[in-house]
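Engineer:
Structure below.
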């Protein structure tokens, strides 16, 4: 196997190649003055199994198109098998038509990757695992909980894992079992027209505990902040916010600090700054 | 037929709907704080023939992904037939592997549009018409020469059409036949590693003539400027630069003026400022 690094890896390529002890090759890449991407595979790949690492953080569309350019080029160049490793998969929240006439973006994006010729797809903590079925090849889901749990164990004493909605309960359950802690969830409702979020009650047994909020994607952070404030009102000793794919800008981060969140943790599936970063490359390597 | 305007039409949607006297519907579109696009078709399309207008100028990749989201949504929503009208088709210059290992971007992009479900594709002046065969449906090529010729007739007296390389000769021939003028071409060579361009001799019969340089895509404008300077040295009375898809920035435009190019003409397939713009929507409407 060769690990082939696309233009958007955020360092995960190096980690994966090191964990697997295989050759790491970097795609030749530039952006032309008009904005188009240029892609060239600098090595013969005929008959090889190639794991392409390319995350699809902002600019999502450019990174997606680059991934498709790489995958199709590898197949044209007769690679035996192409595994698309997409640590953060964009557009995965639009996995159904919430309103009539909406694009089913998750399906279109997975179709694009599949149709460009990828045989397998590796994704870290997708928004909904069942929506991954739009990719018609072999799908492998990477659970980032082990390195996140290790990091948390060194930071807090009495964890209580809280999912910010019922859909995130499985995620909270996996993390809490590694931490040996209780877990629960808070009801969340989103108004699909205004985007406004309302949350239900925080369970009373968070009192005196180090609450760990875990969500897959943190963008504006507004859900996290609402649940964090409610947890503090319910008597939590501290609140740690974990966003596996942490997309928030500096302004949102600042607000999260201001309302009293003690620690903010993300992973290296997307570039971040000002937060604690957990490396998930060992977990990706395990699925290759 | 319905004309459906995507987020990147540069006004062509209005022109096409007016020329055809059909209903114009605008896609609901927004960009989320994290950078993802949202697409919703605001009208029932079951059983309808829909012409989607979406150009793929910068940011090319976003506009391409949006086009695929729209086309796949229309097919999901049971539109009878979807015609993708892409006035400017990005990535069309990478239509072969100039160096081993390169992505064949033109193929990948055309495959994306085809696989998302478009039955037909309408493109204004593609870089190489034969490369359009990567789209496996019905391809219709729009010749923008008629409105360009009309515009030029009011501006210059003794046109001589000059193609800035042999590959552009057919383009120059079409325009010159509408102008009733002579035409010719200049040899061009591009170093694939450095990108540097060298040009051959300008034919001596441009002397005293109003030279019209025509190219499909003008990006940095360096080819245009080299041929313009050589034409002036060969005794041309004036030089007009026509770029069908005019991608240059203000700095390049300023340089083009400084070296003595009298007029710069583009079309509305891409947004521009500071040049004379020819509307090609009537020619697109003729192919629908």
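Protein chains in written order, with the numbering used here: chain S, 3 to 290; chain U, 3 to 290. By construction, the Cβ of each residue, glycine as well, lies at the ideal position given by its N, Cα and C atoms.
#1: In the DSSP assignment, what residue or residues form a beta bridge with residue 212/S?
#2: Do you know offhand how far residue 119/U's Cα is from residue 19/S's?
#3: List the whole-angstrom C-beta distance separating residue 137/S from residue 214/S, where the pair is believed to meet the contact cut-off of C-beta under 8 Å.
#4: Verify whether the separation of the beta carbon atoms of residue 128/S and residue 94/S is less than 8 Å.
#5: Out of 241/U, 198/U, 101/U, 131/U, which has the shortest C-alpha to C-alpha gap to residue 140/U?
#6: Is residue 189/S buried or exposed, if buried means 16 or more other CB atoms sit within 10 Å of its CB?
#7: Going by DSSP, what residue range makes up the beta strand (DSSP E) through residue 190/S?
#8: Skipping 5 residues on each side, what residues in its chain have a beta carbon closer than 7 Å to that of residue 133/U?
#9: Less than 8 Å between the beta carbons of residue 249/U and residue 280/U, yes or no?
#10: Starting from the beta carbon of residue 221/U, find every residue of chain S whose beta carbon is closer than 7 Å, and list them in chain order.
#11: Would you check if the distance between the CB atom of residue 240/S and the CB atom of residue 264/S is smaller than 8 Å?
#12: Taking a contact to mean a Cβ-Cβ separation below 8 Å, would you say residue 221/U touches residue 36/S in this structure?
#13: Quick one: what's got a C-beta closer than 7 Å to residue 13/U's C-beta in the same chain, skipping five residues either side?
#14: Just checking: is the beta-carbon of residue 103/U within a distance shorter than 8 Å of some beta-carbon in chain S?
#15: Given this structure, state the Cα-to-Cα distance separating residue 287/U from residue 255/U, to the nearest angstrom.
#16: Relative to the alpha-carbon of residue 234/S, which residue among 282/S, 174/S, 205/S has its alpha-carbon at the smallest distance?
#17: If contact means a Cβ-Cβ distance below 9 Å, which residues of the stretch 63–75 of chain U contact chain S?
#18: Taking Cβ positions only, does residue 114/U come closer than 8 Å to chain S?
#19: Exposed or buried, residue 193/S, counting other C-beta atoms within 10 Å across all chains shown (16 or more means buried)?
#20: By a C-beta neighbour count over all protein chains shown, 10 Å radius and 16 as the cutoff for buried, is residue 56/S buried or exposed?
#21: Just checking: is the beta-carbon of residue 93/U within a distance shorter than 8 Å of some beta-carbon in chain S?
#22: Comparing C-alpha positions only, which one of 41/U, 101/U, 72/U, 274/U sits nearest to residue 244/U?
#23: Measure the alpha-carbon distance for residue 289/U versus residue 169/S and round it to whole angstroms.
#24: Relative to the C-alpha of residue 252/U, which candidate in 262/U, 42/U, 261/U, 276/U has its C-alpha closest?
#25: So, helix, strand or coil for residue 30/S, using DSSP?
#26: Using alpha carbons as the reference points, say which of 203/S, 76/S, 268/S lies closest to residue 237/S.
#27: From residue 164/U to residue 175/U, what does the alpha carbon distance come to, in whole angstroms?
#28: Residues of chain S with a CB under 9 Å from the CB of residue 97/U: which are they?
#29: Can you check which of these residues, 178/S, 105/S, 49/S, is closest to residue 150/S by C-alpha distance?
#30: Please name the residue, chosen from 70/S, 39/S, 148/S, that lies closest to residue 113/U on a Cα-to-Cα basis.
#31: Taking only three categories from DSSP, how would you classify residue 169/U?
#32: In this structure, does DSSP put residue 247/S in helix, strand or coil?
#33: So, do the stretch 75–86 of chain U and the stretch 72–81 of chain S have three or more beta carbon pairs nearer to each other than 8 Å?
#34: Rounded to the nearest angstrom, how far is the Cβ of residue 47/S from that of residue 81/S, given a contact under 8 Å?
#35: DSSP three-state call for residue 127/U: helix, strand or coil?
#36: Residue 92/U and residue 123/U: beta carbons closer than 8 Å?
Structural biologist: In short:
#1: 161/S, 240/S
#2: 37 Å
#3: Actually they are not in contact, since the Cβ atoms of residue 137/S and residue 214/S sit about 31 Å apart, beyond 8 Å.
#4: Cβ atoms of residue 128/S and residue 94/S: closer than 8 Å.
#5: 131/U
#6: With fewer than 16 neighbouring CB atoms inside 10 Å of its own CB, residue 189/S falls in the exposed class.
#7: 190–192
#8: 94, 97, 108
#9: no
#10: 35, 36
#11: yes
#12: Against a cut-off of 8 Å, the Cβ pair of residue 36/S and residue 221/U comes out as a contact.
#13: Excluding sequence neighbours, residue 13/U sits near 270.
#14: yes
#15: 30 Å
#16: 205/S
#17: Answer set for the stretch 63–75 of chain U: 63, 64, 65, 66, 67, 68, 70, 71, 72, 73, 74, 75.
#18: yes
#19: exposed
#20: buried
#21: It does; some Cβ of chain S falls within 8 Å.
#22: 274/U
#23: 49 Å
#24: Checked all of 262/U, 42/U, 261/U, 276/U; the closest Cα to residue 252/U is 276/U.
#25: In the structure shown, residue 30/S adopts extended strand secondary structure according to DSSP, grouped into three states.
#26: 203/S
#27: 9 Å
#28: Neighbours of residue 97/U on chain S: none; closest Cβ ~13 Å, over 9 Å.
#29: 178/S
#30: Of 70/S, 39/S, 148/S, the residue nearest in Cα terms is 70/S.
#31: Reduced to three states, the DSSP call for residue 169/U is helix.
#32: Assignment of residue 247/S by DSSP, reduced to helix, strand and coil, places it in the strand class.
#33: no
#34: About 4 Å separates the two Cβ atoms, so the contact holds.
#35: Judged by DSSP in its simplified three-state form, residue 127/U adopts coil rather than helix or strand.
#36: no
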